[in-house]
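Asks: Here it is, the structure in full.
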Amino acid sequence: MLKIGLLSDTHSYLDDQIMRLLSDRDEIWHAGDFGSMEVSDRLQELAPLRGVYGNIDDAAIRLVHPKVNRFMAEGLDVMMTHIGGYPGKYHPDVRQSIKLNPPQLYITGHSHILKIMTDKSLNNLLHINPGAAGRHGFHNIRTMVKLSINEGKVQDLQVLELGKRA
Numbered sequence: 001m002l003k004i005g006l007l008s009d010t011h012s013y014l015d016d017q018i019m020r021l022l023s024d025r026d027e028i029w030h031a032g033d034f035g036s037m038e039v040s041d042r043l044q045e046l047a048p049l050r051g052v053y054g055n056i057d058d059a060a061i062r063l064v065h066p067k068v069n070r071f072m073a074e075g076l077d078v079m080m081t082h083i084g085g086y087p088g089k090y091h092p093d094v095r096q097s098i099k100l101n102p103p104q105l106y107i108t109g110h111s112h113i114l115k116i117m118t119d120k121s122l123n124n125l126l127h128i129n130p131g132a133a134g135r136h137g138f139h140n141i142r143t144m145v146k147l148s149i150n151e152g153k154v155q156d157l158q159v160l161e162l163g164k165r166a
């Protein structure tokens with residue numbers, strides 16, 4: 001079993017609460033808009049980090065994290081990108097690859113809107129946008145997600161509210 005902490009849109013902000021909530025995770029996944037290399041480095045010190053760059057991320061982050069990250073985790077096919085849309089409204093940059101070879105878990109960020117839904121037209125692809133963990137943006141409540149992966153299945157999915165944005 002692999003325990004994952006999933007967050008996005010930190011925009012250069014990590015507080016002690018986030019670090020504490022991630023401290024029991026086997027891996028941390030960040031769906032873009034780190035905001036600074038310091039955020040990436042701090043997360044990497046806590047647990048192995050998988051991430052993608054977001055639209056606000058600079059060249060240093062883009063050298064470390066790709067635009068699209070597709071990987072296997074405990075037998076689960078995962079695809080992560082920052083600006084990717086959601087079932088029924090996939091972004092043109094990824095639409096074709098998702099339809100031709102759908103992952104089992106599709107993760108995006110960018111919207112700052114927590115969203116967990118399935119795409120029944122693509123073998124029940126699970127889409128997760130963990131919302132925004134940072135303080136910048138229009139969201140009211142900061143959020144992140146915890147989950148486990150066991151033998152190719154997502155389990156123990158939890159949405160965590162981190163408090164008000166400002």
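With full-length UniProt numbering, the residue at position 3 of the sequence shown is 3, and numbering never jumps.
Idealized CB from N, CA, C, for every residue including glycine.
When the distance is taken between beta carbons, is Thr118 closer than 7 Å to Gly131?
Replies: Residue mapping note: residue 131 aligns to position 131 of the sequence shown, counting from 1. Residue mapping note: residue 118 aligns to position 118 of the sequence shown, counting from 1. No, they are not a contact pair.
Asks: Confirm, please, whether the CB-CB distance from Tyr106 to Met79 is below 7 Å.
Replies: Position 79 of the sequence shown, counted from the start, is the residue given in the question as residue 79. Position 106 of the sequence shown, counted from the start, is the residue given in the question as residue 106. Yes.
Asks: What is the DSSP secondary structure of Leu14, counted as helix, strand or coil?
Replies: Counting from 1 along the sequence shown, the entry for residue 14 is found at position 14. Note: Leu14 maps to coil in three-state DSSP.
Asks: Looking only at its own chain, which residues have a Cβ that is under 8 Å from the Cβ of Arg135, when we skip the five neighbours before and after it?
Replies: The sequence position of residue 135 within the sequence shown is 135, counting from 1. Excluding residues within five positions, the ones whose Cβ falls inside 8 Å are His11, Tyr13, Arg142, Arg165, Ala166.
Asks: Smallest Cα separation from Leu7: which of Asn101, His82, Leu76, Lys120?
Replies: Your numbering for residue 7 matches position 7 in the sequence shown. Nearest C-alpha to Leu7: His82.
Asks: Taking Cβ to Cβ, would you say Gly109 is nearer than 7 Å to Gly32?
Replies: Counted from its first residue, the sequence shown places residue 109 at position 109. Counted from its first residue, the sequence shown places residue 32 at position 32. Cβ atoms of Gly109 and Gly32: closer than 7 Å.
Asks: Going by alpha carbons, who is nearest to Asn150 out of Asp26, Met19, His65?
Replies: What you label residue 150 is simply residue 150 of the sequence shown in a count that begins at 1. Of the listed residues, the one whose Cα sits closest to Asn150 is Asp26.
Asks: Confirm, please, whether the CB-CB distance from His112 to Gly137 is below 7 Å.
Replies: Within the sequence shown, the letter at position 137 stands for residue 137. Within the sequence shown, the letter at position 112 stands for residue 112. Going by C-beta atoms, Gly137 is nearer than 7 Å to His112.
Asks: In chain order, what residues of the same chain have a beta carbon less than 7 Å from the beta carbon of Pro102, not counting five sequence neighbours either side?
Replies: Within the sequence shown, residue 102 is the residue found at index 102, counting from 1. The residues are Leu122, Asn123, Leu125.
Asks: Alpha carbon to alpha carbon, what distance is there between Lys120 and Ile128?
Replies: Residue numbering aside, residue 128 sits at position 128 when the sequence shown is read from its first letter. Residue numbering aside, residue 120 sits at position 120 when the sequence shown is read from its first letter. Approximately 14 Å between the Cα atoms of the pair.
Asks: Which of the three DSSP states, helix, strand or coil, is assigned to Met144?
Replies: Looking up residue 144 in the sequence shown gives position 144. Of the three classes helix, strand and coil, the one that applies to Met144 here is strand, per DSSP.
Asks: What is the residue span of the beta strand (DSSP E) that Ile28 lies within?
Replies: If you number the sequence shown from 1, residue 28 lands on position 28. Looking at the DSSP string, the run of the beta strand (DSSP E) that includes Ile28 is 27-30.
Asks: Do you know offhand how far Pro66's Cα is from Val52's?
Replies: Taking the first residue of the sequence shown as 1, we reach residue 66 at position 66. Taking the first residue of the sequence shown as 1, we reach residue 52 at position 52. Spanning the two alpha carbons is a distance of roughly 5 Å.
Asks: Report the partner residues of Asn69 according to the DSSP bridge assignment.
Replies: The count along the sequence shown starts at 1 and reaches residue 69 at position 69. For Asn69, which the question treats as bridged, DSSP gives the partners Met80.
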